[in-house]
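Numbering (the working numbering), first residue to last: 1325 to 1440. Structure first, then comments.
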Amino acid sequence: MAAREISKLLFTTVYPLYVQKAERKGRTREEVDTIICWLTGYSREQLARHTTANIDFQAFFGQAPAIHPNSSRITGVVCGVRVEAVEDPITQKIRWLDKLIDELAKGKSMDKILRP
């Protein structure tokens, strides 16, 4: 999917899919929220508002208080693409989030997912 198309996906539509993926593997919505808040700097209250608003990924990341400084440590492959090689900044942030949720679903511990 092209960078422009991905950034126009509604966060409101994708968020429940992240939660479902985690819960199918025995993880929790709280863990998903912790990951999203860690990456974006949103508080839980701010995140809760965004999960009910029609906001696309471009706006979601554009309004994020602060992308975590350790986010550059997120590496690996999502959808056949190396996340560290993605050039479009919004697409890279989306892929970072996808990668973190994948790691959660695969059973990785939260302290390792959150890149100390």
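Yeah, the Cβ is synthetic: ideal placement off N, Cα and C, and Gly gets one too.
- Rounded to the nearest whole angstrom, the CA to CA distance from Phe1385 to Tyr1339 is 13 Å.
- The C-alpha of Glu1427 is placed about 11 Å away from the C-alpha of Val1401.
- Residue state for Arg1397 is assigned as helix, using DSSP reduced to three classes.
- A straight-line Cα-Cα distance of about 10 Å links His1392 and Arg1439.
- In this structure, Cys1361 lies away from Arg1351, with their beta-carbon atoms at least 8 Å apart.
- DSSP lists Val1401 as the bridge partner or partners of Arg1406.
- Excluding the 5 residues flanking it on each side, Gln1382 has same chain C-beta neighbours closer than 6 Å at Ser1331, Ile1414, in chain order.
- Its Cα nearest to that of Ile1379, the residue Phe1335 stands out among Phe1335, Tyr1342, Lys1432, Met1434.
- The Cβ atoms of Asp1357 and Leu1371 sit closer than 8 Å to each other.
- Straight-line spacing of the CA atoms in Gln1344 and Leu1421 works out to 15 Å.
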